[in-house]
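Data block below; observations after.
Number of protein chains: 2
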Amino acid sequence: MANPDSAPFRVASIGLGRWAKVIGDGATRSPRLQIVSCFTRDADKRAAFAGSYGCRQAESLEALLADSEVEGVMITTPNDTHADLIIRAAEAGKHVYTEKPISNSIEDAYRIVDACQKGGVRLAVGHSARQLGPVRKIRQMMEDGTLGDVSLVEANFSNDRGLELTPDRWRWFKDKSPGGPLIQLAVHHVDTLQGLFGPIQNVSAQLRRLYTSAEVDDLAVLICSFERGPVAYIGTSWSTAGVYSINVYGSGGAAFYQADFSHWSAGDTDSYSSLQFQARDSFERRPVTFEQVDMYRAELEDWADAARSGRDPEVSGPEATSALAVVWAAIQSSETGQTVTVQQRDSA
Amino acid sequence: MANPDSAPFRVASIGLGRWAKVIGDGATRSPRLQIVSCFTRDADKRAAFAGSYGCRQAESLEALLADSEVEGVMITTPNDTHADLIIRAAEAGKHVYTEKPISNSIEDAYRIVDACQKGGVRLAVGHSARQLGPVRKIRQMMEDGTLGDVSLVEANFSNDRGLELTPDRWRWFKDKSPGGPLIQLAVHHVDTLQGLFGPIQNVSAQLRRLYTSAEVDDLAVLICSFERGPVAYIGTSWSTAGVYSINVYGSGGAAFYQADFSHWSAGDTDSYSSLQFQARDSFERRPVTFEQVDMYRAELEDWADAARSGRDPEVSGPEATSALAVVWAAIQSSETGQTVTVQQRDSA
Chain A
1 MANPDSAPFR VASIGLGRWA KVIGDGATRS PRLQIVSCFT RDADKRAAFA GSYGCRQAES
61 LEALLADSEV EGVMITTPND THADLIIRAA EAGKHVYTEK PISNSIEDAY RIVDACQKGG
121 VRLAVGHSAR QLGPVRKIRQ MMEDGTLGDV SLVEANFSND RGLELTPDRW RWFKDKSPGG
181 PLIQLAVHHV DTLQGLFGPI QNVSAQLRRL YTSAEVDDLA VLICSFERGP VAYIGTSWST
241 AGVYSINVYG SGGAAFYQAD FSHWSAGDTD SYSSLQFQAR DSFERRPVTF EQVDMYRAEL
301 EDWADAARSG RDPEVSGPEA TSALAVVWAA IQSSETGQTV TVQQRDSA
Chain B
349 MANPDSAPFR VASIGLGRWA KVIGDGATRS PRLQIVSCFT RDADKRAAFA GSYGCRQAES
409 LEALLADSEV EGVMITTPND THADLIIRAA EAGKHVYTEK PISNSIEDAY RIVDACQKGG
469 VRLAVGHSAR QLGPVRKIRQ MMEDGTLGDV SLVEANFSND RGLELTPDRW RWFKDKSPGG
529 PLIQLAVHHV DTLQGLFGPI QNVSAQLRRL YTSAEVDDLA VLICSFERGP VAYIGTSWST
589 AGVYSINVYG SGGAAFYQAD FSHWSAGDTD SYSSLQFQAR DSFERRPVTF EQVDMYRAEL
649 EDWADAARSG RDPEVSGPEA TSALAVVWAA IQSSETGQTV TVQQRDSA
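Protein chains in written order, with my numbering: chain A, 1 to 348; chain B, 349 to 696.
Here it is, written out as structure tokens:
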């Protein structure tokens, strides 16, 4: 019998919508994961997914969680269903990958983290963006001194989803997608920037419902202060062209990173991204080369390796809960007109 | 005798430091202005300026203001000296161009505006940036519908001045340069964006003193809400590379404008700027052509024409006072941790 640690990590997909394919394709691109089963309530969608990925299909969630071949589940259901699914998976001893945000409410995030700890399973949360090649390169440019002392960070993640929402989509509703593009898009930047610059201490924010027909806000503008000193602007509009950018301003110079959002889902985003550096004493922006990373494959391999070796994935419960806490601090700041301290769990 | 309205507008420079040359050169590039005199207390600097610009020099401010040939004065002294100089000039019946900000304090701004009104002279304030070609083009792209409904605006004006300050410079001191790069650099964006999007209603901001040795802050990050709905981020760091950018996100697409700060002083900034447009349904950023404007010449010609015709210049007392009110709202917001309503004079 082969060493089980060198065999692919056997996973099952739960919630088989558009994003299940993005994540499923990421798993398929890796020799270290194998999709062995899937489940969603709709039998036709289930059969189609099983056919596409050459895996079994479970007739019920109970059956899937009772399948001893399944080591981990990949959850791409709506935000507000994460907690119950993850808790059941953890109780069944299955490792869990879930889409971001970890949940809509902080209370659910705590329940998720506690259940995974109790079940002895490894939780990874799909803040894939921190895996991107230019993000890693920016970290390296901080560590090798190229950027010097960082004062200001700018990050924007926008698209026109808010103008296309209809009431048959869960993102239309405030209770299912609180903060709109803030919890769906900008939460990526919150995690990526906390990965680069450490914990965000407090947030000032303004959210607006401007042009969407949906219940949710379609604009959020945040000022995030890091404990270490720098301050970040994070902006997200749900009623404009597709944009994904991060700029980092340091005393050594400034880095400008921009991805082509039309390639966001395919795993080859880095092939359509640019990273430039402008030294402090220069006005020329020179291209910077970076290693191209398949962000979905990378985060799933990190999860599989973590599950097999018993370590925590790079973005696990605490990191994802912290990103969610920043989202809620922003919502509270916008409602109260006050700068809000981010509640970290151990300080709560 | 020639028609006096077609003869050049006769001006004198007051405060003959580095910026007097930038403005003096702008006047020299226009056939509609003529520098006829100058004054600063230092006799050597005065003689050098008079020699460079082929103008007379006044032995005292009194003498300059008594010179009946002088129609207007161009003031480039430190912020906190503007009010007394402008009030004296207005009392002498001289039209006034002053550098931005109009003053450090709102009270001084009111005194300035009242004195100019009482003296029947036209006041122009050097928020030159709203004259720039790409700014005018963005306005056109709003008016012709290209940008659609604007939700989000981003503006950054940064350089490394904070790292180079020494105590012999007035910008070192908090009482002479409150807000540091906010009142020196970002105030341009405040005016330009109010010119494009109308009055800013309220401000959330965080200011920091991070890396400068000076007394002043070297970082400011603002969220500015416009009465009309859109929200802007304005950022300024005084400890990084030179950056000047404005991005406008609308439902029709997004405009990205970037100037090369090394060409900020020469009047040919527009020759080194780029403006791009990304349509909402596209991910390609196409170059947009714009008319190149010499911003210093343009603002001075606007002032001269206003003085001759008895109209207000494009950026006069009310506009500049409003920009200063946003600066002080930001300082207050940072100190109190609260969103601050901008005090407009007529609502005070």
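For glycine and all other residues, C-beta sits at the position ideal for the given N, C-alpha and C.
Query raised in the report: Taking the alpha-carbon positions, what's the B/I434 to B/S400 distance?
Result: Stepping through the second sequence from its first residue, residue 434 of chain B is reached at position 86. Stepping through the second sequence from its first residue, residue 400 of chain B is reached at position 52. B/I434 and B/S400 have their alpha carbons spaced roughly 25 Å apart.
Report task. Mind checking which residues open and close the alpha helix (DSSP H) that includes B/A770? Result -> The requested residue 770 of chain B is not part of the displayed model; chain B covers only 349 to 696.
**Report entry** Beta carbon proximity, B/T514 to chain A, threshold 7 Å
**Finding:** Locating residue 514 of chain B in the second sequence gives position 166, where the first residue counts as 1. Not one chain A Cβ lies under 7 Å of B/T514.
Query raised in the report: Looking only at C-alpha atoms, which of B/R366, B/W586 and B/I571 sits nearest to B/V579?
Result: Against the second sequence, residue 579 of chain B aligns to sequence position 231. Of B/R366, B/W586 and B/I571, the residue nearest in Cα terms is B/I571.
Query - Cross-chain neighbours of B/S610 in chain A, by beta carbon under 8 Å - result: On the second sequence, residue 610 of chain B is found 262 positions in, with the first residue counted as 1. The contacting residues are F283.
Query raised in the report: Ordered along the chain, which non-local residues of its own chain (more than five positions away) have a Cβ less than 8 Å from that of B/E667?
Result: Against the second sequence, residue 667 of chain B aligns to sequence position 319. Around B/E667: V473, H475, D539, Q542 and G543.
Requested in this report: Mark A/Q117 as exposed unless 16 or more other C-beta atoms lie within 10 angstroms of its C-beta, in which case mark it buried.
Outcome: Counting from one through the first sequence, the residue named residue 117 of chain A turns up at place 117. Its Cβ having fewer than 16 others within 10 Å, A/Q117 is exposed.
Report task. Could you work out which residues of chain A lie near B/L544, taking near to mean beta carbons separated by less than 8 Å? Result -> Against the second sequence, residue 544 of chain B aligns to sequence position 196. Within chain A, no residue comes near B/L544; the closest Cβ sits about 16 Å away, beyond 8 Å.
Query raised in the report: Shorter than 7 Å from the beta carbon of A/Y110 to some beta carbon of chain B?
Result: Counting from one through the first sequence, the residue named residue 110 of chain A turns up at place 110. The beta-carbon of A/Y110 is placed no less than 7 Å from the nearest beta-carbon of chain B.
**Report entry** Straight-line gap, B/Q692 to B/A673 (C-alpha atoms, nearest Å)
**Finding:** Translated into the one-based positions of the second sequence, residue 692 of chain B becomes position 344. Translated into the one-based positions of the second sequence, residue 673 of chain B becomes position 325. Rounded to whole angstroms, B/Q692 and B/A673 show a C-alpha spacing of 7 Å.
Query raised in the report: Just curious, the beta strand (DSSP E) that A/F277 is in, first and last residue?
Result: To locate residue 277 of chain A, count along the first sequence from 1; it is residue 277. It spans S273 to A279 - the beta strand (DSSP E) in which A/F277 sits, taken as one unbroken run.
Query - Distance between B/S408 and A/S333 (C-alpha atoms, nearest Å) - result: Working through the first sequence from its first residue, we reach residue 333 of chain A at position 333. Working through the second sequence from its first residue, we reach residue 408 of chain B at position 60. Pairing A/S333 with B/S408, the inter-Cα distance amounts to about 54 Å.
Report task. Examine chain E for any beta-carbon lying closer than 7 Å to the beta-carbon of A/R171, and answer yes or no. Result -> Among the protein chains in the structure shown, which are A and B, there is no chain E.
Query raised in the report: Thinking C-alpha only, which one of B/R484, B/S354, B/R656 and B/I362 is nearest B/R389?
Result: Sequence index remark: in the second sequence, residue 389 of chain B carries index 41 (1-based). Checked all of B/R484, B/S354, B/R656 and B/I362; the closest Cα to B/R389 is B/I362.
Query raised in the report: Taking only beta-carbon atoms, is A/A352 less than 7 Å away from chain B?
Result: Any property of residue 352 of chain A remains undetermined from this structure, which presents chain A solely from 1 to 348.
Query raised in the report: Are the CB atoms of B/R628 and A/A307 nearer to each other than 7 Å?
Result: Your numbering for residue 628 of chain B matches position 280 in the second sequence. Your numbering for residue 307 of chain A matches position 307 in the first sequence. Against a cut-off of 7 Å, the Cβ pair of A/A307 and B/R628 comes out as no contact.
Query raised in the report: Who are the neighbours of B/V579 on chain A, taking C-beta pairs under 8 Å?
Result: Numbered from its first residue, the second sequence carries residue 579 of chain B at position 231. Simply Q206, R208, L219 and V221.
Query - Boundaries (first-last residue) of the beta strand (DSSP E) holding B/T443 - result: Reading the second sequence from its first residue, position 95 is the one you call residue 443 of chain B. Note on identity: in this sequence residue 443 of chain B is His, with Thr being the wrong assignment. Here the beta strand (DSSP E) through B/H443 covers H443 to E447.
Query - Contacting residues, own chain, Cβ-Cβ under 8 Å from A/G198 (five flanking each side not counted) - result: What you label residue 198 of chain A is simply residue 198 of the first sequence in a count that begins at 1. Setting aside the 5 residues that flank it on each side, A/G198 is surrounded in the same chain by F226, E227 and R228, each with a C-beta closer than 8 Å to its C-beta; the list follows chain order.
Requested in this report: Count the other C-beta atoms from every protein chain shown that fall within 10 angstroms of the C-beta of B/R634, then say buried if there are 16 or more, exposed otherwise.
Outcome: As a first step, residue 634 of chain B is located in the second sequence; it is residue number 286 there, counting from the start. An exposed status is given to B/R634, since fewer than 16 other beta-carbon atoms sit within 10 Å of its beta-carbon.
Query - Contact between the region 151-168 of chain A and the region 497-504 of chain B (3+ Cβ pairs under 8 Å) - result: As far as the Cβ criterion goes, the region 151-168 of chain A touches the region 497-504 of chain B, which means the pair count is three or higher.
**Report entry** Under 8 Å from the C-beta of A/V243: neighbouring residues of chain B
**Finding:** Locating residue 243 of chain A in the first sequence gives position 243, where the first residue counts as 1. Y597, A602 and Q626, listed in chain order.
Query raised in the report: Would you say B/I383 and B/A375 are within 7 Å of each other, going by their C-beta atoms?
Result: Taking the second sequence and counting its residues from 1, the one referred to as residue 383 of chain B is at position 35. Taking the second sequence and counting its residues from 1, the one referred to as residue 375 of chain B is at position 27. In contact: B/I383 and B/A375 (Cβ atoms closer than 7 Å).
Report task. Could you tell me which of B/L623, B/I679, B/H611 and B/L511 sits nearest to B/D642, measuring between CA atoms? Result -> Working through the second sequence from its first residue, we reach residue 642 of chain B at position 294. Nearest C-alpha to B/D642: B/H611.
Requested in this report: Note down, in chain order, each residue of its chain lying with its Cβ closer than 6 Å to the Cβ of B/A562, except the 5 sequence neighbours on either side.
Outcome: In the second sequence, residue 562 of chain B corresponds to position 214, counting from 1. Excluding residues within five positions, the ones whose Cβ falls inside 6 Å are L513 and W520.
Query raised in the report: What residue range is occupied by the uninterrupted alpha helix (DSSP H) comprising A/Y110?
Result: Within the first sequence, the letter at position 110 stands for residue 110 of chain A. I106 to G119 is the extent of the alpha helix (DSSP H) around A/Y110.
Query - Chain-order list of residues whose beta-carbon lies under 6 Å from that of A/F256 (same chain, five-residue window excluded) - result: The residue labelled residue 256 of chain A in the question sits at position 256 within the first sequence. Cβ neighbours of A/F256 beyond the five flanking positions: N247 and Q276.
Query raised in the report: Rounded to a whole number of angstroms, what is the C-alpha to C-alpha distance between A/G17 and A/L300?
Result: Residue numbering aside, residue 17 of chain A sits at position 17 when the first sequence is read from its first letter. Residue numbering aside, residue 300 of chain A sits at position 300 when the first sequence is read from its first letter. Answer to the nearest angstrom: the Cα atoms are 18 Å apart.
Query - 7 Å Cβ shell around B/A356 - same chain, five flanking residues per side excluded - result: Against the second sequence, residue 356 of chain B aligns to sequence position 8. Residue identity check: residue 356 of chain B is Pro in the sequence provided, not Ala. The beta carbon of B/P356 sits closer than 7 Å to the beta carbons of P379, R380, L381 and Q382 from its chain, once the five residues preceding and following it are set aside; these are given in chain order.
**Report entry** Delimiting residues of the alpha helix (DSSP H) encompassing B/E502
**Finding:** Position 154 of the second sequence, counted from the start, is the residue given in the question as residue 502 of chain B. If you look at B/E502, you'll find it isn't in any alpha helix (DSSP H); it sits in the beta strand (DSSP E) that goes V498 to S506.
Query - Nearest to A/T70 (by Cα), restricted to the options A/A43, A/D44, A/S37 and A/P78 - result: For the purposes of this step, residue 70 of chain A is taken as residue 70 along the first sequence, with counting starting at 1. According to the sequence as given, residue 70 of chain A is Val; it is not Thr. Nearest to A/V70 by alpha-carbon distance, out of A/A43, A/D44, A/S37 and A/P78, is A/S37.
Report task. Report yes or no: is there a C-beta of chain B within less than 7 Å of the C-beta of A/Q338? Result -> Residue mapping note: residue 338 of chain A aligns to position 338 of the first sequence, counting from 1. So, interface residue.
Query - B/L511: contacting residues in chain A (beta-carbon distance under 7 Å) - result: Within the second sequence, the letter at position 163 stands for residue 511 of chain B. Annotation: Cβ neighbours of B/L511 in chain A (cutoff 7 Å, chain order): S251.
Requested in this report: Could you give the DSSP three-state label for B/L480: helix, strand or coil?
Outcome: Taking the first residue of the second sequence as position 1, residue 480 of chain B is located at position 132. Coil at B/L480, not helix or strand.
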